[in-house]
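All remarks here apply to the structure that follows.
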Amino acid sequence: MFIISRKTFKIGGNFRSGIVFNIKSSNMKYIAQYSVKCAPNFKSAKIIRKEFIDYYTNKLNHIFIPSSPVIPLCDASLAFVNAGMNQFKSIFLGHHKPPSSKVVNYQKCIRVGGKHNDISSVGLDTYHHTFFEMLGNWSFGAYGKEEACKYAWNTLTQLYGIDKNKLYVTYFGGDELLGIKADLECREIWQKIGIPNDRILPCVMADNFWEMGANGPCGPCTEIHIDRPIHPADNNLKNNLHLTELWNIVFIEFERLADGEIQPLNKQFIDTGMGFERLVTIIQGKNSNYDTDLFQPLFEAIHKSTNAPIYTGKFASNNEHLIDTDYRIMADHSRMITIALADGMIPESNHKLRRIIRKAINIGIETFQSNNLLHELSYHVAESLGDVYPEIQTNLKQIQTIINYEVEHLLNLKASSGKQWQNLIETKPQLAAISDPYAAGLIHSYEILQSTLLNNPNLKTLPGDVAFKIYDTHGLDLEAIEELAQTEGLAVDKFGFNKCLKTAQTRSRIGITRLGKDDDTELFINYLKNNNVPKTNDSYKYNYDYDGVKYRLPLLKCKLLEVLIDGDKENINNKLNRETLKDGKAAILLDKTSFYSQEGGQLSDKGIIYINNLIFNVTEVHKIQDYVIHYGVFDTSSMKNDQADIELHTGDEVTVTIDEEYRSDLMRNHTATHLLNAALRNIFPVVAQRGSVVKNDNLTFKFSTFGKEIRPSDLISIEKQINNCIQSKIPIETKTVNMLELMSEKNLTIIPDEIYPDSNLRIVQVNGPELKSKEACCGTHVHNTGVLEQFSIVEVKSQGLSSKTIVAVTNKHAINEISKKTANNVINNGISQVCAGDVKDINERKKIVLNFLTSEIDNVINSTVEPYIVHCFKCHDVEVESIPLQIAIENCNDMPIFLIAISNRKFKARCFVPMNYLSNSFNAQLWMETLKNVMPIKLGFFKDEDPLINCHSKVLKLPRDEILSLTKNAIAEAKQFVSINAKQLISKNN
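Printed below as a string of structure tokens:
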């Protein structure tokens, strides 16, 4: 029995924040969903979606614009595209012209963080999802509020036949604080349409003023709600009226600035959004989104592939856990994961995506006893959504390769660091709340947290610089750092963290310290902006020609704007001292330039700027907030011998010349980098670019292959593909697009996690018979592949399971490298048999050493009566450098351990102190320093280790007749220190 409360209320519903209205219900432990069997007039989700688009394109003359990817390619403020209007943001801000004045589409949306975050509710109610589709129509000046309201009303009541007597509407009731009046015009429009006043409800800003994120386009909105039974699983909400929001119509009139202020836009727009899953639920007569044909096939697939009990649609109460909850989470997450991976998102560069993947994998393993469930469900997501989002079908192999890699990677982590993490949970149960216990760097990050608390036990907030150190050193994102801090009852200084992040990003982009003072460049940029100095026109960097022999870059006449010497801005309308110019590092700003600034992995140009009779040698160029800064030194030898000063003036004409050979080599190697990326994609099912460095003498390409190894035959194939493309002399095509045009580009290769400009974005394409490359790129390229002459790989490196690096050369460097390879092959063939025996012998010796260490430390652990270990390995015929003490320590990670190795007059040591043994008087660094009482050791630290927990001494050479006695004394010192300083801690932990 449902008890409905109809009373005057302040509405709290907003689909875009995922809110519906509550209904009181009688006590029911589990509520089963309506039957999912199809009625005779059943309308599928595919038909409902198609009818919406057809109605607006055929009857209302809108243009259909396909969904953008869920990756926000040109918006750094979002982790995922979370609304249909995201791809039109630049239009609202006046940056671009719309593709049409009237637009309709369905948009893929993901909400798992920030202002719009639905992940915690997924599976627990009937309507929250991480991924959903947004149906919407937009007006860019073609119509206003009245038409938008009429179109929406007619769509629901006429196209879909929804009873108009069950519909309520809301309007914005105004906000005194911001000085925004109530939208009475909207109320009058609904009255004119014929809706009774008691079903037209005013709402406060929190409910009827829509914003995409922390900043950006925004405006008052009006919503259409439907009066329908609300499932008791949704009874945790704040109103007692059983209304569900169906459609949100936003009147984009303002822009929220970064400082929180709201200012009017020059033009006003219409932005509407309707949750597709919710619409399907209503039209199909269901009471839960999960009972529609969007989810039921996924439930059936889970049941069939795992033999799990069939989905019954139950919702738990009183914190009970049901298998149906995991059914819903698994179905929802499989849709989100498949969509995100199909659009080119990579878990390694998106922590939120990786956490959701791991959550789904764990549910598959723990609830459904299947490692392969997520892989299996991707087939069914492709079947359900592949017709409207063809990229899912196209990229299905790529999707499944990444899923399989993530499964294997997670299982490996559980087998290794998982045990260590479980040990920490035993001492600190609060750590069990961490959502991703296998995140890279989590244990080391916790060690930093503990070290910080050790130094400041009364800490209430984790300092921003410490949070940034964790982020920068170990890769944890801010959300994970906040989770970790919460286990110790700490908040995180987000402002301080963001300040450190911004500083680091600025340093990374521009190398701030090259002028001698850390903040010089940043201050210089602020000065330029505050004084309205015009930004640099650097479009001339693309002006060059090939004369059949070499590339020619024309001279460019420019005007001098500013000079910075040794970090100090000079008044360039006065005389500058010769000695100051001669000895100082300088930076020059011009009104325009043909120098290429370091971007897209390509190093900057070198060259000369002629200023009157003065020569300025440019060594580096960087672009900072659209100002191009030329760094270098003045050559005063061009000044007259008796000339002590020189006059420079704002507006002086200067001449820019580029080092043509240097630039030509950069262009060759940049084009070759694109060809290498394409060749790799012909070999591996999925390749994710991690980064590249394009120099004049070589190129370095870093990428992930997700568990796939590079074989020698692959390298041969890569070289063959690229050299065939070079010999075919394929033209390089370029074009300039804006953000909207970028979204519509097919087969475009993007760099994961890269944010692209929303205008003047260059697309570089090579369309060969075997190699096809199409990338968004701001770099400079040759006009034809034939200019590369030759391509050769010189080095291949692997870091971990997935990360790979290839170093290659082109042109004369490649020709020389091929000559070397030919000579080396002759030599290698002659000595290979001799070397094979030596390599085998070395491997055997390594194996013997490892077995010796493992066996001896096991014996020590089993025989020790002390709650700590101090032990020395005496080795013969083995260099002490090759003795892996760390491996021995890993066999004993629950007590303090101090290990020494001696061999052939050499000494080294390593110690480990578990976190629960740390104190102000006892840690690894203090323990290791006790040896300084015996011998002149030097301490060593690894970047990824906390010296309070792990510490080692560098290899020390000792006199042959003293090494044994000194070692004996070192053992005594180490034992004495641990027995005195750790006595209370040891007794407490035992």
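Just so you know, the numbering used here puts 1135 at position 619 of the sequence shown, and the rest follows in order with no gaps. Think of the CB as a built atom: it goes at the ideal place given N, C-alpha and C, for glycine as much as any other residue. It should be emphasised that the depicted structure is a prediction, and the values quoted were computed from it without experimental measurement.
Legend entry - Backbone secondary structure at M861 - three-state DSSP: coil
Inset, instruction - Go ahead and label N1283 buried or exposed: buried means 16 or more other beta carbons lie within 10 angstroms of its beta carbon, across all protein chains shown. - result: exposed
Legend entry - Contact set for S1314: own chain, Cβ-Cβ below 7 Å, skip 5 residues either direction: K1320
Inset, instruction - Could you pull out every residue in the same chain whose Cβ sits closer than 7 Å to the Cβ of V1202, ignoring the five residues on either side in sequence? - result: Q914, T917, I918, F1222
Inset, instruction - Assess, as a yes-or-no matter, whether the stretch 721 to 741 is touched by the stretch 597 to 613 under the definition of 3 or more beta carbon pairs within less than 8 Å. - result: yes
Inset, instruction - Would you grab the beta carbon distance between I786 and A668 for me? Rounded to a whole angstrom, and I think it's under 8 Å. - result: In fact, because the Cβ distance is near 10 Å, the residues do not count as touching under 8 Å.
Inset, instruction - Would you kindly work out how many angstroms separate the C-alpha atoms of L1106 and D981, rounded to a whole number? - result: 36 Å
Inset, instruction - Note down, in chain order, each residue of its chain lying with its Cβ closer than 6 Å to the Cβ of Q1514, except the 5 sequence neighbours on either side. - result: The chain is shown only over 517 to 1506; residue 1514 falls outside these bounds and no answer can be derived.
Inset, instruction - Assuming C1074 contacts K1098 (C-beta within less than 8 Å), just tell me the rounded distance between them. - result: That pair is no contact at about 23 Å.
Inset, instruction - Can you give me the start and stop residues for the beta strand (DSSP E) that T1321 sits inside? - result: 1319 to 1326
Inset, instruction - Out of E769, E793, T788, state which residue places its alpha-carbon closest to the alpha-carbon of N782. - result: E769
Inset, instruction - Could you name the residues that DSSP lists as bridge partners for A1425? - result: I1416
Inset, instruction - Reducing DSSP to helix, strand and coil, say where A1103 ends up. - result: strand
Legend entry - Own chain, CB closer than 6 Å to F1423, minus 5 neighbours either side, in chain order: L1472, L1474
Inset, instruction - Please list, in chain order, all residues of the same chain as I711 whose beta carbon is under 7 Å from its beta carbon, the five residues on each side excluded. - result: V685
Inset, instruction - Could you tell me the boundaries of the alpha helix (DSSP H) in which N1198 lies? - result: 1176 to 1199
Inset, instruction - Inspect the CB distances between the stretch 995 to 1007 and the stretch 946 to 963 and report whether three or more fall short of 8 Å. - result: yes
Legend entry - Given R1476 as reference, the closest of N1449, H645, R1421, V1149 once Cα atoms are compared: R1421
Legend entry - Reference V1149, options I1162, A1103, I826, H1186, closest by Cα: A1103
Inset, instruction - Decide if I1403 is buried, meaning its Cβ has at least 16 other Cβ atoms within 10 Å, or exposed. - result: exposed
Legend entry - For I950, the three-state DSSP class (helix, strand or coil): coil
Inset, instruction - In the DSSP assignment, find the unbroken alpha helix (DSSP H) run with A962 in it and report its ends. - result: The identity of residue 962 in the sequence shown is Tyr, whereas the question assumes Ala. Counting along the chain, the alpha helix (DSSP H) containing Y962 begins and ends at 958 to 971.
Legend entry - Host alpha helix (DSSP H) of D570 (start-end): 561 to 570
Inset, instruction - Output the distance between the C-alpha atoms of Q784 and K661, rounded to the nearest integer angstrom. - result: 10 Å
Inset, instruction - Identify, in the order they occur along the chain, each residue of the same chain with its Cβ nearer than 6 Å to the Cβ of E1136, setting aside the five sequence neighbours on each side. - result: S1120, Y1147
Inset, instruction - Return yes when the Cβ of H891 is within less than 9 Å of the Cβ of P813, no when it is not. - result: no
Inset, instruction - Compare the beta carbon distance of D679 and P736 with 9 Å and say whether it is the shorter of the two. - result: no
Inset, instruction - Run through the stretch 681 to 708 for me and flag every whole alpha helix (DSSP H) of 4 or more residues, listed as ranges in chain order. - result: none
Legend entry - Classification of F1217 by the beta-carbon crowding that lies within 10 angstroms, buried from 16 upward: buried
Legend entry - Inter-stretch contact (C-beta, 8 Å, three-pair minimum) for the stretch 1295 to 1303 and the stretch 1051 to 1063: yes
Legend entry - Endpoints, beta strand (DSSP E) assigned at E1078: 1072 to 1081
Legend entry - Distance between N1327 and L1304 (C-alpha atoms, nearest Å): 5 Å
Legend entry - Buried or exposed by the 16-neighbour rule on C-beta atoms within 10 Å, applied to D591: buried
Inset, instruction - Taking all protein chains shown into account, decide if S1153 is buried (16 or more other Cβ within 10 angstroms of its Cβ) or exposed. - result: exposed
Inset, instruction - Identify, in the order they occur along the chain, each residue of the same chain with its Cβ nearer than 8 Å to the Cβ of T1171, setting aside the five sequence neighbours on each side. - result: L1071, L1072, K1073, C1074, I1125, Y1126
Inset, instruction - Take N1439 and list the residues in its own chain whose beta-carbon comes closer than 6 Å to its own, dropping the five residues that flank it on each side. - result: V1429, L1464
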